[in-house]
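In this note's numbering, the protein residues as written are 1 to 681.
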């Protein structure tokens, strides 16, 4: 490439960075204006403005490891007013007078960067892609002429994609904004409604698609989404730590990223066996809980006698029965109790009016709060709390049998506690219990508003009851659901995507599939796909776009030499560039980590803190925490032990085998699981 032009591009980058610094300084120096009004209104407005200013300043921070632009489009003259050439980057940058220097990748004018082809160039003459070092130094560029280019010329976009993916990585996940592919772009730019569900094979970039979709929706629907907020729910804290830098790099800093147990907030201090946990996540539990709660509403046997001075007003027992029957299950439990009091009080007011009295709303409220009415309420429609109902359900066999006719005797026995606590107040709840308590809380009384948008990553692992809990928090908002049915490792997984969307109350959602693996080499995908006929026979085999020399190795050891061989493979991987992971069964990884440390290699165990991927190149990963992560080189120790560790061990192994971007080494002493036997390299 021409050195003078590269110098010119570097100068433009310096100009853009200086302009961004000016935009940042302008926001920092700007006084927050308070709109006049009442004192409370002024305080609220001031706080809101301060918050908006804080978010804006964070969004305008010039991150040292994030290039301001990654591409350029040269258009035909007159395509864009006053601009025949635009730079495309992660955020909008202007020169202080309103002239754009860098266009946000989400803007409509940027779409041809991802969609234009030689046969449909969308008035683009030339597309330029830039290369940067990890320190964001502009190292070069590559031009792709679209006008007059022959269809048989090499596809430079594929070469650029490959180079970007294979660039060694360290630390958390990077954004893919420079390499978004057309099928990914369709999903990123899909409208807010209806909800979108992405079935994505390993390496197809489904997590990145979800994160970039959030950034795009905040660009196009910011006002609507800001009111309810946007939340990303991930499978564990290690995963959230891994993706935490993507949205800030795209200029979005006000998105909550949490796990489902953090979202539900109730503490979990107990644990369940697998059978009980699976049942507690079953969709049938919704009906069980509803029946259990409403069984507290009884049939009135007495009426109400209300006294006011020397006068008596009677509401007959059959009238109370009719009111209770009419209200039962027609509303939530707590509002129903309140409505019962008001309806009884209204009958009393009718009796007063029949005697030529003129009662008003204050009188009706007084009657509703009176002792005779409260006595009826407490006997017929008592106050309850979720813990009270669930404690009785799992400690009283007769109560459970009446509430759960759809469960078998064996299933009800699995739910009953062998040694229940004497009181619900002293009971320790499991995480599966807290999900049921959340359902009961909603049946008793509805709380809160609705999120604007909810993103569920690794959604294939969520139970029906967990999905219902998440759906309640996004009643009127939309969702982006991400996952891979072949990677469903929990026994309580909800099932098909249609079922998942139904439990979320998003049955109108659109299901799309990503099956081109950009990030995992084809040899590794083909090796792992040998498991698909057993773990997900309805899914097609994904295709790998990239072939990498020596991407897959299978090393046979024996029990005495396995650990030494694992250490040797880790040492060899560290001789190259980029991140390295040793993945092993949870009960084995600690011992292997100790051996690696004793051999003088620096390593960390994923899950001990939240920043292991930031601190060292070699990370020891328990198999149960591998989902969603990527590393340049991966060493998998003893696949058979990973399979034997849990009921869906083959699904877990499929996850583990598809974490590598460049190379995978499988080290085993025990025989490989059946589907992998005989694999050729």
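Every residue gets a Cβ at the ideal spot worked out from N, C-alpha and C, and that includes glycine. If you're wondering where the values come from, they're calculated on a predicted model, not measured in any experiment.
Beta carbon of residue i nearer than 9 Å to that of residue j
{"i": "residue 377", "j": "residue 340", "result": "yes"}
{"i": "residue 502", "j": "residue 196", "result": "no"}
{"i": "residue 463", "j": "residue 280", "result": "yes"}
{"i": "residue 632", "j": "residue 169", "result": "yes"}
{"i": "residue 477", "j": "residue 451", "result": "yes"}
{"i": "residue 272", "j": "residue 413", "result": "no"}
{"i": "residue 220", "j": "residue 106", "result": "yes"}
{"i": "residue 231", "j": "residue 246", "result": "no"}
{"i": "residue 585", "j": "residue 542", "result": "no"}
{"i": "residue 573", "j": "residue 665", "result": "yes"}
{"i": "residue 68", "j": "residue 135", "result": "no"}
{"i": "residue 199", "j": "residue 485", "result": "yes"}
{"i": "residue 582", "j": "residue 603", "result": "yes"}
{"i": "residue 301", "j": "residue 324", "result": "no"}
{"i": "residue 241", "j": "residue 613", "result": "yes"}
Alpha carbon of residue i to alpha carbon of residue j, nearest angstrom
{"i": "residue 513", "j": "residue 213", "result": "15 Å"}
{"i": "residue 625", "j": "residue 238", "result": "7 Å"}
{"i": "residue 44", "j": "residue 27", "result": "Unreliable placement is indicated for residue 44, whose pLDDT of 49 sits below 50; the coordinate value is still reported in the next sentence. Between residue 44 and residue 27, the C-alpha separation is close to 20 Å."}
{"i": "residue 73", "j": "residue 276", "result": "58 Å"}
{"i": "residue 229", "j": "residue 296", "result": "36 Å"}
{"i": "residue 63", "j": "residue 90", "result": "11 Å"}
{"i": "residue 114", "j": "residue 663", "result": "28 Å"}
{"i": "residue 320", "j": "residue 375", "result": "13 Å"}
{"i": "residue 326", "j": "residue 381", "result": "13 Å"}
{"i": "residue 682", "j": "residue 519", "result": "The structure shown does not extend to residue 682, since the chain spans only 1 to 681, so no value can be given for it."}
{"i": "residue 59", "j": "residue 249", "result": "9 Å"}
{"i": "residue 595", "j": "residue 617", "result": "17 Å"}
{"i": "residue 571", "j": "residue 421", "result": "52 Å"}
{"i": "residue 79", "j": "residue 120", "result": "15 Å"}
{"i": "residue 661", "j": "residue 289", "result": "46 Å"}
{"i": "residue 12", "j": "residue 540", "result": "47 Å"}
{"i": "residue 655", "j": "residue 646", "result": "14 Å"}
{"i": "residue 472", "j": "residue 546", "result": "41 Å"}
{"i": "residue 408", "j": "residue 608", "result": "41 Å"}
{"i": "residue 592", "j": "residue 257", "result": "31 Å"}
{"i": "residue 315", "j": "residue 406", "result": "38 Å"}
{"i": "residue 564", "j": "residue 549", "result": "25 Å"}
{"i": "residue 261", "j": "residue 61", "result": "32 Å"}
{"i": "residue 516", "j": "residue 292", "result": "48 Å"}
{"i": "residue 366", "j": "residue 57", "result": "54 Å"}
{"i": "residue 336", "j": "residue 373", "result": "14 Å"}
Selected residue, minimal CA-CA separation from residue i, among the options
{"i": "residue 392", "options": "406, 369, 416", "result": "416"}
{"i": "residue 446", "options": "331, 508, 205", "result": "331"}
{"i": "residue 76", "options": "146, 99, 50", "result": "146"}
{"i": "residue 87", "options": "98, 130, 620, 59", "result": "130"}
{"i": "residue 143", "options": "181, 646, 232, 5", "result": "5"}
{"i": "residue 218", "options": "192, 166, 540, 643", "result": "192"}
{"i": "residue 269", "options": "434, 479, 627", "result": "434"}
{"i": "residue 140", "options": "209, 70, 204", "result": "70"}
{"i": "residue 85", "options": "565, 262, 290, 126", "result": "126"}
{"i": "residue 267", "options": "322, 437, 627, 354", "result": "437"}
{"i": "residue 568", "options": "634, 608, 613", "result": "634"}
{"i": "residue 525", "options": "676, 208, 506", "result": "676"}
{"i": "residue 274", "options": "166, 489, 563, 265", "result": "489"}
{"i": "residue 111", "options": "8, 66, 182", "result": "182"}
{"i": "residue 364", "options": "371, 354, 352, 345", "result": "345"}
Counted within 10 angstroms of its Cβ, other Cβ atoms place residue i as buried (16 or more) or exposed
{"i": "residue 318", "result": "exposed"}
{"i": "residue 50", "result": "exposed"}
{"i": "residue 576", "result": "exposed"}
{"i": "residue 358", "result": "exposed"}
{"i": "residue 368", "result": "buried"}
{"i": "residue 453", "result": "buried"}
{"i": "residue 498", "result": "exposed"}
{"i": "residue 312", "result": "exposed"}
{"i": "residue 37", "result": "Note that residue 37 scores a pLDDT of 49, beneath 50, so its modelled location is shaky and nothing firm can be said."}
{"i": "residue 606", "result": "buried"}
Proximity test, Cβ basis, 9 Å: residue i and chain C
{"i": "residue 213", "result": "The chain inventory of the structure shown lacks chain C, comprising one protein chain alone."}
Q | Cβ contact check for the region 370-386 and the region 440-457: 3 or more pairs under 8 Å | A | yes
Q) Using 8 Å as the threshold, is the region 488-505 in touch with the region 308-326, meaning 3 or more CB pairs across them? A) no
Q.
Within 8 Å, do at least three Cβ pairs link the region 459-473 to the region 168-184?
A. no
(Q) Counting beta carbon pairs with one atom in the region 660-671 and one in the region 552-564, are three or more of them shorter than 8 Å? (A) yes
(Q) With three or more beta-carbon pairs closer than 8 Å as the criterion, would you say the region 530-544 touches the region 643-654? (A) yes
Q. On the three-pair Cβ rule with 8 Å, is the region 183-194 touching the region 207-222?
A. yes
Q) Just checking, does the region 16-30 make contact with the region 91-98 on the three C-beta pairs under 8 Å criterion? A) yes
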